[in-house]
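Student: Residue numbers (this note's numbering): 981 to 1217.
1) Taking just the CA atoms, how far does residue 1009 sit from residue 1144?
2) For residue 1072, count neighbouring C-beta atoms within 10 Å of its own C-beta (all shown protein chains included) and say buried if the count is 16 or more, exposed if not.
3) Determine the DSSP secondary structure at residue 1007, reduced to helix, strand or coil.
4) Quick one: complete beta strand (DSSP E) runs, 3+ long, within the segment 1032 to 1120?
5) I'd like to know whether the C-beta atoms of residue 1155 and residue 1059 end up nearer to each other than 8 Å.
6) Using CA coordinates, which residue listed in 1079, 1148, 1185, 991 is at the minimum distance from residue 1042?
7) Alpha carbons only, please: which of 1125, 1082, 1122, 1076 is nearest the one belonging to residue 1103?
8) Any idea what DSSP makes of residue 1153, helix, strand or coil?
9) Roughly how many angstroms lie between the CA atoms of residue 1177 and residue 1123, to the nearest whole one?
10) Is the Cβ of residue 1152 closer than 8 Å to any Cβ of chain C?
11) Quick one: measure Cβ to Cβ for residue 1193 and residue 1029, integer angstroms, because I've assumed they're closer than 8 Å.
12) Whole-angstrom Cβ separation of residue 998 and residue 1054, contact assumed at under 8 Å?
13) What did DSSP end up calling residue 999 once you bin it into helix, strand or coil?
14) State the beta-bridge partners of residue 1016 as determined by DSSP.
15) Thinking C-beta only, is residue 1212 closer than 8 Å to residue 1141?
16) Report back the beta-carbon spacing between residue 1147 and residue 1120 to the nearest angstrom; my notes put them in contact at under 8 Å.
17) What does DSSP give as the partner residues of residue 1160 in its beta bridges?
18) Going straight from the alpha carbon of residue 1018 to that of residue 1152, what length do you get?
19) Just how far apart, CA to CA, sit residue 1051 and residue 1127?
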């Protein structure tokens, strides 16, 4: 773990804290227990790899952490605020302001350019178009896409599309970035570029990053590695 991360864990509360999280699904007469009192904390500027086989609940954990899904028990704290009893409007506000999401499939709007895809969420939040375009240009340039601003998604490579998705996810300066297999469809070299972009942003901005991944090379380069075992979050060496 980096010195910066170690210091932040001592001096600051976690930006994301999942406490006693329970989640189960009913399938016919059976109940499938996914999370059984899971505990998980992430600090500002820290990168955490969530490494586990398919089907054990990685996406469920990320959805709960990102307030996309309600747990059956336990509490999700975002910046020390308990979220379980907040209104839907307030949870939506937190998702929009505090949390960024990146998925395996980039979900870019095909009719808009790379720049426009990053401008739109900022305008939805209330920024003026000129200010949003300035920040979008800075982000895309930082991620190596200065010459691709006016290209639509179909004109971009898979790695370029995913870097646009990262820029869109952080455009509103969230404090937490949750990424679900963001390099799952990319070749190793492109995966390395995308991962590099994520870690650059994390270190430059104090962004807390949680990445669900099967890529052990990527996981090894992050501050922490955790897995899911018997419904609990377990630290890996």
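Even glycine gets a Cβ: it sits at the ideal position worked out from N, Cα and C. All figures in this text were calculated on a predicted structure; none of them were measured in a lab.
Tutor: Taking the structure as given:
1) 44 Å
2) exposed
3) strand
4) 1053 to 1058, 1079 to 1083
5) yes
6) 1079
7) 1076
8) coil
9) 6 Å
10) The structure shown contains no chain C; it is built from a single protein chain.
11) 6 Å
12) 7 Å
13) strand
14) 1002
15) no
16) 5 Å
17) 1083, 1192
18) 29 Å
19) 43 Å
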